[in-house]
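S.K.: My questions will all concern the structure given below.
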Amino acid sequence: MGFLSIGARSFGGVLPWAHRVMVEEKRWLAPGDFAEVLALCQFMPGPNVGNVSVVLGRRWFGLAGAFTAFAGLMALPLIWVFGLALLYAEAATLPAVRAAVTGVGIAGGGLFIGTALKLAKPLAGKPWGIALAVACFGFIALGRVSLFAVLPVALLLSWLLARRNLV
Amino acid sequence: MHQIALYFALLSLVSVGGMPSVMPEMQRVVVDVQGWMSATEFTQLFAIAQAAPGPNVLVTALIGWKVAGPVGGMVALGAFCGPAAALAYSIGGFWDRMRDAPWRKVFQRALVPITIGFIVSGGYVLATPGGPEWRGALLAGTAAVLLVFTRLSPLWILAGGGLLGALMF
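Residue numbers (the working numbering), protein chains in the order written: chain A, 101 to 267; chain B, 6 to 174.
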């Protein structure tokens, strides 16, 4: 049930809400525990908070718990987002609405770039790491090369650099 | 629909760093390769997902819906989350025990530059649906700067983007 309320309230990102409900309100987890599970899930593929729900659901209630937690997290936002999409389909005939929604999307793209810049702090003073990030951008965004071609090469290079403490 | 399910399942397994890392690849396939929608429509669907509560993976449900109806939406979301969740479910404990293993630390550091390159790419393709031009660059650049240098809530930044978008485009 906790995950249902996290999903319902999580405007502007799930993480802060997940922390508030699970650590501060329900006291299911100690703050350090939360950080550890999150760190684990950030380095696994998939949506971070979705993975947190699966890992914690399993820890407490096994397989059924993992499914319930995940479904609880997604259910209400899914209904909401489908409702918004229907509404938008009605309103999309108005050029001003289309322009505003495009503006939100572009600002969202800007938020991605800002987030990446925040994440890039550990790369300060590591020219090889910066070069690799720029190369990834060049191939993916400008060259439109498939991620499945870029990822193995980039990962190999980065692994070699990381072993020499260059990233 | 099986095409989208299969592709999203594959993306799921390489989405280290979450949804933003595979955003550019998703846009490339949906817009350039398959032609399921225009780049502007893709950016608009992303905007709708941002304006809703919940994890940003919901954009996969919107893409699936656009391509194959409401059922397609559920299938796309499940395909994108399922494989990664199964992985989290099965290796969660193992990965946790390896917390202090040297190779895991090397791996984590190795992922940093790649993830950053991919996320910036995602931002770039979302912000330039009609090719690079000054209005979009101004809007996206302002949003990025506000996020990095102020404590303004992202929701206000998105709302401002909507307002400016209505005025500029």
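A virtual CB, placed ideally from N, CA and C, is assigned to each residue, including glycine.
Note that the structure is a prediction, hence the values are computed from the model and not measured.
Taking Cβ positions only, does residue 162 of chain B come closer than 8 Å to chain A?
M.R.: Counting from one through the second sequence, the residue named residue 162 of chain B turns up at place 157. Yes, contact with chain A.
S.K.: Check whether the region 222-238 of chain A and the region 138-156 of chain B touch, using three or more Cβ-Cβ pairs below 8 Å as the test.
M.R.: Result no; under three Cβ-Cβ pairs closer than 8 Å.
S.K.: Pick from B:125, B:135, B:131: whose alpha carbon is nearest that of residue 237 of chain A?
M.R.: Within the first sequence, the letter at position 137 stands for residue 237 of chain A. Checking every option, the nearest Cα to that of residue 237 of chain A belongs to B:125.
S.K.: Please list the partners that residue 168 of chain A has in chain B, where partner means a Cβ-to-Cβ separation under 7 Å.
M.R.: Taking the first residue of the first sequence as position 1, residue 168 of chain A is located at position 68. In chain order: nothing, as chain B lies at least about 13 Å away.
S.K.: Measure the beta-carbon distance from residue 162 of chain A to residue 86 of chain B and round it to whole angstroms, keeping in mind my assumption that it falls under 8 Å.
M.R.: For the purposes of this step, residue 162 of chain A is identified with residue 62 of the first sequence, where counting begins at 1. For the purposes of this step, residue 86 of chain B is identified with residue 81 of the second sequence, where counting begins at 1. Not confirmed; about 19 Å, so no contact.
S.K.: Could you tell me whether the Cβ of residue 134 of chain A comes closer than 8 Å to any Cβ of chain B?
M.R.: Within the first sequence, residue 134 of chain A is the residue found at index 34, counting from 1. No, its Cβ sits nowhere closer than 8 Å to a Cβ of chain B.
S.K.: Any C-beta of chain A sitting closer than 8 Å to the C-beta of residue 45 of chain B?
M.R.: Sequence index remark: in the second sequence, residue 45 of chain B carries index 40 (1-based). It does; some Cβ of chain A falls within 8 Å.
S.K.: Note down the Cα distance separating residue 173 of chain B from residue 204 of chain A, rounded to an integer number of angstroms.
M.R.: For the purposes of this step, residue 173 of chain B is taken as residue 168 along the second sequence, with counting starting at 1. For the purposes of this step, residue 204 of chain A is taken as residue 104 along the first sequence, with counting starting at 1. Approximately 12 Å, taken between the alpha carbons.
S.K.: Strictly under 8 Å for the Cβ-Cβ distance: is residue 218 of chain A near chain B by that measure?
M.R.: Residue numbering aside, residue 218 of chain A sits at position 118 when the first sequence is read from its first letter. With 8 Å as the cut-off, residue 218 of chain A counts as an interface residue toward chain B.
S.K.: Note the first and the last residue of the continuous alpha helix (DSSP H) segment covering residue 131 of chain A.
M.R.: The count along the first sequence starts at 1 and reaches residue 131 of chain A at position 31. Element bounds for residue 131 of chain A: 131-142.
S.K.: Answer with buried or exposed for residue 265 of chain A, where buried requires no fewer than 16 other C-beta atoms within 10 angstroms of its C-beta.
M.R.: One-based indexing of the first sequence puts residue 265 of chain A at position 165. Result: exposed.
S.K.: If you reduce the DSSP assignment to three classes, tell me which class residue 147 of chain A lands in.
M.R.: Numbered from its first residue, the first sequence carries residue 147 of chain A at position 47. Note: residue 147 of chain A maps to coil in three-state DSSP.
S.K.: Using the C-alpha atoms, what's the distance from residue 186 of chain A back to residue 216 of chain A?
M.R.: Against the first sequence, residue 216 of chain A aligns to sequence position 116. Against the first sequence, residue 186 of chain A aligns to sequence position 86. Cα to Cα, residue 216 of chain A sits roughly 32 Å from residue 186 of chain A.
S.K.: Between residue 138 of chain B and chain A, is any beta-carbon pair separated by less than 8 Å?
M.R.: Taking the second sequence and counting its residues from 1, one reaches residue 138 of chain B at position 133. No, because no Cβ of chain A sits closer than 8 Å to the Cβ of residue 138 of chain B.
S.K.: Pick helix, strand or coil for residue 21 of chain B, following the three-state DSSP scheme.
M.R.: Counting from one through the second sequence, the residue named residue 21 of chain B turns up at place 16. Strand, per DSSP.
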